[in-house]
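K.L.:
Going by my numbering, the sequence shown runs without a break in its numbering and finishes at 521. Before we start, here is the structure in question, set down as structure tokens.
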Amino acid sequence: ASPTTTSATSAEREPVMPSFDITSEVDMVALRNAVEGANRKITGRYDFKGSDARVEQAEKLLTLHGDSDFQLEQMLAILLPEMTAKKIDVRCLKHGDVQKVGGNKVKQELTVRVGIEQEQSKKIVKLIKDSKLKVQASIQGEAVRVSGAKRDILQDCITLVRKEVADYPLQYGNFRD
Numbered sequence: 345a346s347p348t349t350t351s352a353t354s355a356e357r358e359p360v361m362p363s364f365d366i367t368s369e370v371d372m373v374a375l376r377n378a379v380e381g382a383n384r385k386i387t388g389r390y391d392f393k394g395s396d397a398r399v400e401q402a403e404k405l406l407t408l409h410g411d412s413d414f415q416l417e418q419m420l421a422i423l424l425p426e427m428t429a430k431k432i433d434v435r436c437l438k439h440g441d442v443q444k445v446g447g448n449k450v451k452q453e454l455t456v457r458v459g460i461e462q463e464q465s466k467k468i469v470k471l472i473k474d475s476k477l478k479v480q481a482s483i484q485g486e487a488v489r490v491s492g493a494k495r496d497i498l499q500d501c502i503t504l505v506r507k508e509v510a511d512y513p514l515q516y517g518n519f520r521d
């Protein structure tokens, strides 16, 4: 190809601005390991002997089964540190209500939130726009892409979002310069 054709194609391409993605991911393998570890501890504990206490996992849904509300609390006290030890942010869990299952049995469902929900994405984009930082934020499916002219501004943006969104586990990655 002649030099004129290559310069024409590179001139047509717009300059790539530095950008990064805000996502919310959960390592499902680590989650399964945490659930298995919690179940091992539960079956080994004296106060759970003879009970049907266990944690079941079906993809993004954890179900705690126990004999009482107190037992469910005890199981959470075992499960959450197991998750933390496996580097899983426990804020990804959405706690359902405790349900009676019959007799004196109870269960509680914990939904594992993966990806940023639409409503949360809109809040993040609005937060970034209202901050007057010179960046653009756009919703890309279950992630938010932020682009700006300078890397420093992007880092200021990460600091802002980290400070303002404390109740939702977010990761900042896919940095492009």
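In this text, a Cβ means the ideal position worked out from N, Cα and C, and glycines have one as well.
Would you call the CB atoms of L498 and T367 closer than 9 Å?
P.N.:
Locating residue 498 in the sequence shown gives position 154, where the first residue counts as 1. Locating residue 367 in the sequence shown gives position 23, where the first residue counts as 1. No. Outside cutoff.
K.L.:
Pull up the CB-CB distance for E523 and I460, whole angstroms please, since I reckon it's below 8 Å.
P.N.:
Outside the shown range of the chain (345 to 521) lies residue 523, about which nothing can therefore be said.
K.L.:
Between the stretch 376-391 and the stretch 417-426, do at least 3 Cβ pairs fall closer than 8 Å?
P.N.:
Enough Cβ pairs lie closer than 8 Å, so yes.
K.L.:
Leaving out the 5 sequence neighbours to the left and right, which residues in its chain are closer than 7 Å to A493 when beta-carbon positions are compared?
P.N.:
One-based indexing of the sequence shown puts residue 493 at position 149. M361, K478.
K.L.:
Just mark G447 as buried or exposed, buried being the case when its beta carbon has 16 or more other beta carbons within 10 Å.
P.N.:
On the sequence shown, position 103 is the one that residue 447 refers to. Exposed, since its Cβ has fewer than 16 Cβ neighbours within 10 Å.
K.L.:
Which of the three DSSP states, helix, strand or coil, is assigned to G440?
P.N.:
In the sequence shown, the residue the question calls residue 440 occupies position 96. DSSP places G440 in strand when its eight states are reduced to three.
K.L.:
Going by beta-carbon coordinates alone, are K466 and V509 separated by less than 9 Å?
P.N.:
Taking the first residue of the sequence shown as position 1, residue 466 is located at position 122. Taking the first residue of the sequence shown as position 1, residue 509 is located at position 165. No, Cβ-Cβ distance for K466 and V509 is not below 9 Å.
K.L.:
Could you give the residue range of the alpha helix (DSSP H) that holds D301?
P.N.:
A query on residue 301 cannot be resolved here, the shown segment of the chain reaching from 345 to 521 and no further.
K.L.:
Please classify V445: is it buried, with 16 or more other beta-carbons within 10 angstroms of its beta-carbon, or exposed?
P.N.:
If you number the sequence shown from 1, residue 445 lands on position 101. Answer is exposed; the Cβ neighbour count stays below 16.
K.L.:
Let me know if A397 comes out buried or exposed under the rule of 16 or more other beta-carbons within 10 Å of its beta-carbon.
P.N.:
Position 53 of the sequence shown holds residue 397. Answer is buried; the Cβ neighbour count reaches 16.
K.L.:
Check A487 in the structure and name its three-state DSSP category.
P.N.:
Working through the sequence shown from its first residue, we reach residue 487 at position 143. Three-state result, A487: strand.
K.L.:
Using 8 Å for Cβ pairs, my map puts C436 next to I472. What's the rounded Cβ distance?
P.N.:
Residue numbering aside, residue 436 sits at position 92 when the sequence shown is read from its first letter. Residue numbering aside, residue 472 sits at position 128 when the sequence shown is read from its first letter. The Cβ separation is near 22 Å, so there is no contact.
K.L.:
Report the rounded CA-to-CA distance for N313 versus S412, giving the unit in angstroms.
P.N.:
The structure shown does not extend to residue 313, since the chain is modelled only from 345 through 521, so no value can be given for it.
K.L.:
I460 lies in the beta strand (DSSP E); which residues open and close that run?
P.N.:
Taking the sequence shown and counting its residues from 1, the one referred to as residue 460 is at position 116. First-last for I460: undefined, no H or E at that position.
K.L.:
Which partner residues of T367 appear in the DSSP bridge assignment?
P.N.:
Stepping through the sequence shown from its first residue, residue 367 is reached at position 23. T367 is bridged to Q515.
K.L.:
Determine whether the beta carbon atoms of Q452 and Q443 lie at a separation below 9 Å.
P.N.:
Locating residue 452 in the sequence shown gives position 108, where the first residue counts as 1. Locating residue 443 in the sequence shown gives position 99, where the first residue counts as 1. Taking 9 Å as the Cβ cut-off, Q452 and Q443 qualify as a contacting pair.
K.L.:
What is the C-beta distance between K438 and L454, in whole angstroms, given that I count them as a contact (C-beta under 8 Å)?
P.N.:
Walking along the sequence shown from the start, residue 438 turns up at place 94. Walking along the sequence shown from the start, residue 454 turns up at place 110. That belief holds up - the Cβ atoms of K438 and L454 are roughly 7 Å apart, short of 8 Å.
K.L.:
Should G388 go down as buried or exposed, given a rule of 16 or more other Cβ atoms within 10 Å for buried?
P.N.:
By one-based count along the sequence shown, residue 388 stands at place 44. Classification of G388: exposed, given that the 10 Å Cβ count is below 16.
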